[in-house]
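Chemist: In our numbering, the protein residues as written are 258 to 464. Beta carbons are placed, not taken as given, at the ideal position from N, Cα and C, and that holds for glycine.
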Amino acid sequence: MNRRLGVLISGRGSNLQALIDAIRDGRLDAVVAVVISNHPDAGGLEIARRAGIDALCVDHRMAASRDDHERAVARELRARDVGLVCLAGYMRLIGAPLLEAYPQAILNIHPSLLPSFPGLDAQRQALEHGVKVAGATVHFVTEELDAGPIVVQRTVPVLDDDTEATVAARILVEEHRAYPEAVKLVLSGGWRVEGRRIVRDAGGAPA
Ligand code: GRF
């Protein structure tokens, strides 16, 4: 598989940083070909530039429509020969233009054990629900929000004195492990999607 990643962000970019670190440390054999933000002031753009990575803003507010914005993002990804798209705190719903440009090649990270607590404020939802175990999920993106086939999940305990901030911080540590692990697994091939499940082919490469 083409190991050129396109990372889409909207904010601080700590998961982007985790991917950059994993590549730098030799834990992940990939290249971040481009980082694209839909906000000009996303902190992650600075992280990318400091790492010498091509980084740009495709501002959704400048586009005539949602589809136009996505087509512009897809053009930038294709222009850099991106093979796998990684959403890392990208606060936009993904629609047909990107899904058609990158079929089964868009990953997202979500701070809950999906299918529990999709959408916004997942950590708060989990805490308020009273779960004893929370976590992070890396999944393929489909037209349905936070609902595509699951690649990797990692768990954390929820403690009695947790606040939204403490549980989010504990989950974030696992997000930073889960994302490089999931990208590695996807790029290694030797897997297939069966229904909703991602399963290894017999004799497939270990992640
Ligand atoms: C993470 O919690 C991620 O799971 C969610 O948005 C947050 C992004 O954080 N989708 P960062 O920008 O990667 O630091």
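(1) For my contact list, A287 and V450 are in at a C-beta cut-off of 8 Å; report their separation, rounded to the angstrom.
(2) Which same chain residues end up closer than 6 Å to I310 when comparing Cβ atoms and leaving out the 5 residues on each side of it in sequence?
(3) Can you check whether the CB of L370 is closer than 9 Å to the CB of V342?
(4) Please report how far the alpha carbon of R281 lies from the alpha carbon of R261, in whole angstroms.
(5) At what residue ranges does the region 271-346 contain a whole run of the alpha helix (DSSP H), taking only runs of 4 or more?
(6) So who's on the other strand from I407, going by DSSP bridges?
(7) Is H367 near the ligand GRF - that is, is its Cβ less than 8 Å away from at least one heavy atom of it?
(8) Less than 9 Å between the C-beta atoms of H367 and D419, yes or no?
Modeler: So, from the data block:
(1) Sequence index remark: in the sequence shown, residue 287 carries index 30 (1-based). Sequence index remark: in the sequence shown, residue 450 carries index 193 (1-based). The beta-carbon separation of A287 and V450, rounded to 21 Å, does not stay under the 8 Å limit for a contact.
(2) Start at 1 with the first residue of the sequence shown, and residue 310 comes out as number 53. V289, V292.
(3) Translated into the one-based positions of the sequence shown, residue 342 becomes position 85. Translated into the one-based positions of the sequence shown, residue 370 becomes position 113. It is not a contact, given that the beta carbons lie outside the stated cut-off.
(4) Taking the sequence shown and counting its residues from 1, one reaches residue 281 at position 24. Taking the sequence shown and counting its residues from 1, one reaches residue 261 at position 4. Each residue's Cα considered, the two are about 14 Å apart.
(5) Scanning the region 271-346 for uninterrupted alpha helix (DSSP H) segments of 4 residues or longer gives 271-281, 300-307, 323-336, listed from N- to C-terminal end.
(6) To locate residue 407, count along the sequence shown from 1; it is residue 150. Note: I407 is bridge-paired with H396 in the DSSP secondary-structure output.
(7) Here residue 367 is taken as the residue at index 110 of the sequence shown, counted from 1. Yes, the ligand GRF has a heavy atom inside 8 Å of this Cβ.
(8) Start at 1 with the first residue of the sequence shown, and residue 367 comes out as number 110. Start at 1 with the first residue of the sequence shown, and residue 419 comes out as number 162. No, they are not a contact pair.
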